[in-house]
Amino acid sequence: MTHRTSSPHQQYMQRALDLARRAQGFTSPNPMVGAVIVKSGRVIAEGYHRRAGLPHAEVDALRRAGARARGATLYVTLEPCNHTGRTPPCCDAILAAGIRHVVVAMKDPNPITNGRGLARLRRAGVRVTIGVHEAQARALNAAFCKAMTTGLPFVTVKVGQSLDGKIATRTGESRWITSAASRRISHQLRSRHDAILVGINTVLRDDPLLTVRGMPHRADRPVKVIVDSRLRLPSDAACVSRQSPAPTLIATTAQTSEKADTLARRGAEVLAFPARRSRVPLRPLFQALVRRGIHSVLIEGGGEVIASAFEERLVDRVACFVAPLLIGGRLAPSAFGGKGIRRLADAIRLDEVVTCRSGPDLCVEARVVYPKGARGKRQGARKNRFSHAPRPTPHAPQVVF
1 MTHRTSSPHQ QYMQRALDLA RRAQGFTSPN PMVGAVIVKS GRVIAEGYHR RAGLPHAEVD
61 ALRRAGARAR GATLYVTLEP CNHTGRTPPC CDAILAAGIR HVVVAMKDPN PITNGRGLAR
121 LRRAGVRVTI GVHEAQARAL NAAFCKAMTT GLPFVTVKVG QSLDGKIATR TGESRWITSA
181 ASRRISHQLR SRHDAILVGI NTVLRDDPLL TVRGMPHRAD RPVKVIVDSR LRLPSDAACV
241 SRQSPAPTLI ATTAQTSEKA DTLARRGAEV LAFPARRSRV PLRPLFQALV RRGIHSVLIE
301 GGGEVIASAF EERLVDRVAC FVAPLLIGGR LAPSAFGGKG IRRLADAIRL DEVVTCRSGP
361 DLCVEARVVY PKGARGKRQG ARKNRFSHAP RPTPHAPQVV F
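In the numbering used here, the protein residues as written are 1 to 401.
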């Protein structure tokens, strides 16, 4: 029996990835980045980027290393930046510290950097190695990568349903179909996304807060996005109350109205889009979200919004919580609405399926794979390398579990 052994490069980069993951849910719109400084075979300092505006991982580690960094090797999960944003360029700090060798997991897909940092280090005589645990680094920052390369957010659809696919009874009762254990995982999922998106029918039926409860999270995240084509959101809805302090965006096709002014006074922002089949088109909405620094979106329903997202091929992953109960009936709403498909060949497939038990429920999480065809060819023509979630590696973090 043979055992795989990882190289020192892989071991130190794995540690840097683990450090980066500590800030999950806190760094957006920046990526998660970790750094490890090694000298004479020993780790002398570590660091990671904690949130936007705070020092980047390289600078965090270099400050901890001090003068010991001279002549050392720096392991970092993303190419060091070479531009001034909220913080100075990391390349400046690396060169000033006298780092001899920089090992990078992946090139930065941000067009502002995208190889410029590595080129500067090489010109300055620093040895550069790239590609160590690259797949894991891309999986860790799948949302950032997709936003930078496509202008669209990484989208996860989350549903809680009965065994027969219902999300409420025929009278609209839905609390609670899934167990408390599943709801705890749902809040963890919310905390890892920049925005929660729901349709107006979900708000009218459930009046949800759309907040993260029971775990650490940013005060300004997740942003609440309500798709409301006719601007029916009540001005006293829970999602625009003081109990739900993160920003609220209302996407509508309605023109400026007294209702919009009322919602604005409650702190909500109304975004108007040209109607498409009397609905809010999701692709322009999602592009607008990315321009606001929102790189990941969790869609929690209802069925018609979810159907629209799949129809526009915007969904990357699915997280489904299936409760061991049957609701039945044609009038009970289903998790996935729309007209449905005519042929099995047109079905949306799920790949790399991961399952676990959550109390009495079954949790299923998977990557979305769209059928090939005319629409798929058009999408392929855009050379979207991140149209689906990156394939997980043995150490890649799963969205849910």
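Backbone N, C-alpha and C define an ideal beta-carbon position, used for all residues, glycine too.
As DSSP reads the structure, ASP351 sits in a beta bridge with ARG367. Positions of the alpha helix (DSSP H) runs, each at least 4 residues long and wholly inside the segment 289–354, are given as 303–311 in order along the chain.
ALA288 is not a Cβ neighbour of VAL157, given a cutoff of 8 Å.
Restricting attention to PHE273, ALA260 and ILE196, the CA atom closest to the CA of CYS239 is found in ILE196. In the DSSP annotation of this structure, GLY25 is not part of any alpha helix (DSSP H), being labelled neither H nor E. Taking the C-beta atoms as reference points, MET215 is found no nearer than 8 Å to GLN255. Assigned with DSSP and collapsed to three states, GLN10 falls in helix.
Take the alpha-carbon of SER182 and the one of SER174: they are about 14 Å apart. With distances taken between CA atoms, ALA345 lies nearest to PRO371 out of ARG367, PRO371, ARG357 and ASP361. Each residue's CA atom was taken as its position, placing LEU263 and GLN136 some 42 Å apart. Counting along the chain, the unbroken alpha helix (DSSP H) around LYS146 starts and ends at 142–150. Its Cα nearest to that of THR87, the residue ASP60 stands out among SER241, PRO111, ASP60 and VAL38.
GLN287 carries a helical assignment under DSSP once its states are collapsed to helix, strand and coil. By the 16-neighbour rule on beta-carbons within 10 angstroms, ALA23 is buried. Within its own chain, the residues whose Cβ lies closer than 8 Å to the Cβ of SER6, once the five positions on either side in sequence are excluded, are GLN14, listed in chain order. Ranked by Cα distance from GLY293, the options LYS146, GLY41 and ARG213 are led by LYS146. Counting the other CB atoms within 10 Å of its CB gives LEU163 a total below 16, which places it among the exposed residues.
By the C-beta criterion, the segment 220–239 is judged not to be in contact with the segment 328–342, since fewer than 3 inter-stretch pairs fall below 8 Å.
Taking C-beta separations shorter than 6 Å and ignoring five residues to either side along the sequence, GLY125 has no partners in its chain. Its Cα nearest to that of PRO360, the residue ALA323 stands out among ALA332, ALA323, THR150 and VAL369.
Taking C-beta atoms as the reference points, ALA251 and LEU285 count as a pair closer than 8 Å. Within the DSSP secondary-structure output, GLU269 pairs in a beta bridge with LEU249.
With a 10 Å radius around the Cβ and a threshold of 16 neighbouring Cβ atoms, GLY41 comes out exposed. When beta bridges are read from the DSSP output, CYS356 appears opposite CYS363. A Cβ-Cβ distance of about 7 Å is found for the pair ARG218 and GLY25, placing them in contact under the 8 Å criterion. Beta-carbon to beta-carbon, THR27 and HIS9 are separated by about 24 Å, too far to satisfy the 8 Å threshold. Inclusion of GLY329 and GLU304 in the CB contact set at 8 Å is not warranted, their separation being larger than that value.
Distance between SER179 and ASN201, taken at the CA atoms: about 23 Å. One thing to note: ARG100 has its Cβ within 8 Å of the Cβ of GLY71. Around the beta carbon of CYS356, a 10 Å sphere encloses fewer than 16 other beta carbons of the protein chains shown; the residue is thus reported as exposed.
Taking the Cβ atoms as the reference, ILE327 lies roughly 6 Å from THR169, within the contact range of under 8 Å. Spanning the alpha carbons of VAL369 and VAL318 requires a straight line of approximately 11 Å.
If only uninterrupted beta strand (DSSP E) runs of at least 3 residues are considered, those enclosed by the segment 28–77 are 34–39, 42–48 and 73–76.
Assignment of GLY160 by DSSP, reduced to helix, strand and coil, places it in the strand class. Selection ARG205, VAL155, VAL33 and LYS166 evaluated against ALA143 yields VAL155 as nearest (Cα-Cα).
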